[in-house]
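Residue numbers (the numbering used here): 722 to 1102.
Just so it is clear, CB atoms sit at the ideal spot from N, CA and C, and this is done for glycine as well.
Encoded as structure tokens, the structure appears first; notes follow it.
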Amino acid sequence: MYFCLVVDDELWIRQGMVNRVNRCEGFRAIRTEANGRDALTWLEGRGHSADILVSDVRMPHMDGLELIGQVKRRFPGMRAIVISSYDDFEYAKQGIALGAVDYIVKPVNPDDLERALHAAAEQLETMRRHEARSILLRAYSQPSTQELMRQWRERPARAERDALPLLVVDTLAVLERWAGDRRDLLSPLAEAWIAGIAETRGGADVFDWMKGALARSPVPLVEDLELYRRLSGVYRLELALSWFGSRHTAGGSAAGTKTVIDVKRYIERHYARKLSLQVIADAVNVSKPHLSQVFRQHTGMTIWSWLIEVRMRRAKELLLASDMRQAEIAEAVGYADGAHFAKVFKAYYGMNATELKSRYYGELLALEPGPGGEGPAAERD
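Dropping the structure here:
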């Protein structure tokens, strides 16, 4: 899912753009602003971020071209699309020169907007993978990373099984430090890391290796939010293994593993839709009974449990990284009934959305340095 910030000084146009963006699969308008100045202020706020800026040109206080220039300098991980009532070559030329992906003239054609959004998404993925590989190369040269790799090589099989979850978390910690504020790079970083593991351990074995590690690492959210977040990130890495599917040798086990990978990938991409077992089975070209059996054999869980897990992880991300209301989050992750979403959310996390958000930011504030800059304020005498 790519998050879009829509900026236009006319309310009815903003509302129309939000509807058009949200109808494009894989994209979600998470914020609207009436001018460039307010948009920039929102982006600078704690916990606020967007992937794609969709902005008008002529607006009070700060126009769209100036906003795009500011975003390019201060938020290089974003991409921009210019929307204007003026079919003016100079505007288009300035926008493209500032790095805009496309220049669309109002009234906006939905097909043109969708093409521009997908072009922006493609640029983002290319950029993130390139930057992630560069960071990974630097991280691998550090003594801390080399020590982790040495531990992997030297641990006996049984000790490796016992210690692997902690090594997984430690490695993610290294990658997070090198990513710094670029949280958007963590997924491609992790994918590159998985590819490196695959080269040393050999294809299909990696899937079960990672899955087993995570199954042995239950970490309650309430006890350690940061560790849980990292482990959740690792769990999502199973999707990074999808490319193994084409490399598996023929055979029942390999075919079953590929089916599971395809199902998980399909659900990750379409979790916001109304899904049924038949729809999923058709998408991966297997029968419903076979699908249920294979998925449970390989994962130890039902497809519906996995769907709930994907939706709840996504709901948590939206809750903590956007200003969306609970009803909007419910709809964004595939729940038409807000009350049902609230019930599932509480059952999954052990607390409601408001409590989770308060607990999360409370934990972060507890880690803020005190007046002397020496550790959390809670630890002062």
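Environment of residue i [buried if 16+ CB atoms lie within 10 Å]
{"i": "valine 728", "result": "buried"}
{"i": "glutamate 754", "result": "buried"}
{"i": "aspartate 823", "result": "buried"}
{"i": "arginine 1000", "result": "First, the residue type needs correcting, since residue 1000 is valine and not arginine in the sequence shown. Classification of valine 1000: exposed, given that the 10 Å Cβ count is below 16."}
{"i": "lysine 979", "result": "buried"}
{"i": "isoleucine 817", "result": "exposed"}
{"i": "arginine 735", "result": "buried"}
{"i": "alanine 1002", "result": "buried"}
{"i": "aspartate 1102", "result": "At aspartate 1102 the pLDDT is 33, less than 50, meaning the model places this residue with poor confidence; the figure from the coordinates comes in the next sentence. Exposed, since its Cβ has fewer than 16 Cβ neighbours within 10 Å."}
{"i": "methionine 799", "result": "buried"}
{"i": "alanine 841", "result": "buried"}
{"i": "methionine 1022", "result": "exposed"}
{"i": "lysine 985", "result": "buried"}
{"i": "aspartate 772", "result": "buried"}
{"i": "leucine 732", "result": "exposed"}
{"i": "arginine 795", "result": "exposed"}
{"i": "arginine 744", "result": "exposed"}
{"i": "arginine 779", "result": "exposed"}
{"i": "serine 1008", "result": "exposed"}
{"i": "alanine 1053", "result": "buried"}
{"i": "alanine 1051", "result": "buried"}
{"i": "leucine 962", "result": "Reliability of the predicted coordinates at leucine 962 is poor, the pLDDT of 36 falling under 50, and the value obtained from them is presented with this limitation in mind. Under this definition leucine 962 is a buried residue."}
{"i": "arginine 994", "result": "exposed"}
{"i": "serine 1079", "result": "exposed"}
{"i": "alanine 1057", "result": "exposed"}
{"i": "alanine 1060", "result": "exposed"}
Of the listed residues the options, nearest to residue i (C-alpha basis)
{"i": "aspartate 777", "options": "Asn756, Arg795, Ser770, Glu765", "result": "Asn756"}
{"i": "leucine 786", "options": "Glu765, Asp759, Tyr812", "result": "Tyr812"}
{"i": "glycine 1055", "options": "Val984, Glu1030, Asn1006", "result": "Glu1030"}
{"i": "phenylalanine 724", "options": "Trp733, Arg749, Leu732, Gln1018", "result": "Arg749"}
{"i": "lysine 1064", "options": "Ala1036, Ala1042, Ala760", "result": "Ala1036"}
{"i": "valine 739", "options": "Leu726, Gly747, Arg986", "result": "Leu726"}
{"i": "glycine 747", "options": "Glu731, Tyr992, Ile802, Val829", "result": "Tyr992"}
{"i": "methionine 783", "options": "Ala760, Glu731, Arg849", "result": "Ala760"}
{"i": "tyrosine 987", "options": "Leu1028, His1019, Thr1020", "result": "Leu1028"}
{"i": "leucine 1077", "options": "Leu1040, Arg744, Ala1053, Ile751", "result": "Leu1040"}
{"i": "glycine 737", "options": "Ala1042, Pro831, Val981", "result": "Pro831"}
{"i": "valine 829", "options": "Ile804, Thr847, Leu764, Val1015", "result": "Ile804"}
{"i": "lysine 793", "options": "Glu843, Tyr1081, Leu764", "result": "Leu764"}
{"i": "valine 1026", "options": "Lys827, Tyr1069, Arg752", "result": "In the sequence under discussion, the amino acid at residue 1026 is serine, which differs from the valine named in the question. Out of Lys827, Tyr1069, Arg752, Tyr1069 has the C-alpha closest to the C-alpha of serine 1026."}
{"i": "leucine 845", "options": "Gln1047, Arg1046, Met722", "result": "Met722"}
{"i": "isoleucine 1024", "options": "Val742, Ser997, Phe1066", "result": "Ser997"}
{"i": "valine 1015", "options": "Leu834, Ala1004, Val981, Val1005", "result": "Val981"}
{"i": "valine 775", "options": "Arg752, Ala1074, Pro797", "result": "Arg752"}
{"i": "leucine 819", "options": "Met848, Ala1074, Ile789, Asp833", "result": "Ile789"}
{"i": "glycine 1071", "options": "His839, Met1045, Gly1059, Met1033", "result": "Met1033"}
{"i": "serine 770", "options": "Ala1004, Met1045, Phe1066", "result": "Met1045"}
{"i": "serine 806", "options": "Lys827, Met848, Ala821", "result": "Lys827"}
{"i": "alanine 1042", "options": "Tyr1081, Thr847, Phe1066, Arg990", "result": "Tyr1081"}
{"i": "glutamate 1038", "options": "Gln1018, Arg1017, Asn1006, Ala1074", "result": "Ala1074"}
N- and C-terminal bounds of the beta strand (DSSP E) containing residue i
{"i": "serine 776", "result": "773-777"}
According to DSSP, residues forming a beta bridge with residue i
{"i": "cysteine 725", "result": "Ala750, Ile773"}
{"i": "arginine 800", "result": "Ile773"}
{"i": "serine 1043", "result": "Paired residues: none, contrary to the question."}
{"i": "serine 805", "result": "Val826"}
Run of the alpha helix (DSSP H) containing residue i, from where it starts to where it stops
{"i": "tyrosine 824", "result": "Taken as a continuous stretch (DSSP letters only), tyrosine 824 belongs to no alpha helix (DSSP H), being part of the beta strand (DSSP E) at 823-826."}
{"i": "aspartate 784", "result": "From DSSP, aspartate 784 is part of no alpha helix (DSSP H); its letter is neither H nor E."}
{"i": "glutamate 1052", "result": "1047-1053"}
{"i": "leucine 819", "result": "Segment: none, leucine 819 is in no alpha helix (DSSP H) and carries neither H nor E."}
{"i": "asparagine 664", "result": "Residue 664 lies beyond the stretch modelled for the chain, which goes from 722 to 1102, so this question has no answer here."}
{"i": "alanine 760", "result": "757-765"}
{"i": "valine 1015", "result": "1009-1020"}
{"i": "alanine 1002", "result": "998-1005"}
{"i": "arginine 744", "result": "Here arginine 744 belongs to no alpha helix (DSSP H), and DSSP marks it neither H nor E."}
Any non-hydrogen atom of the ligand SAH within 7 Å of residue i CB
{"i": "valine 981", "result": "With respect to the ligand SAH, the structure offers nothing, as it holds no ligand at all."}
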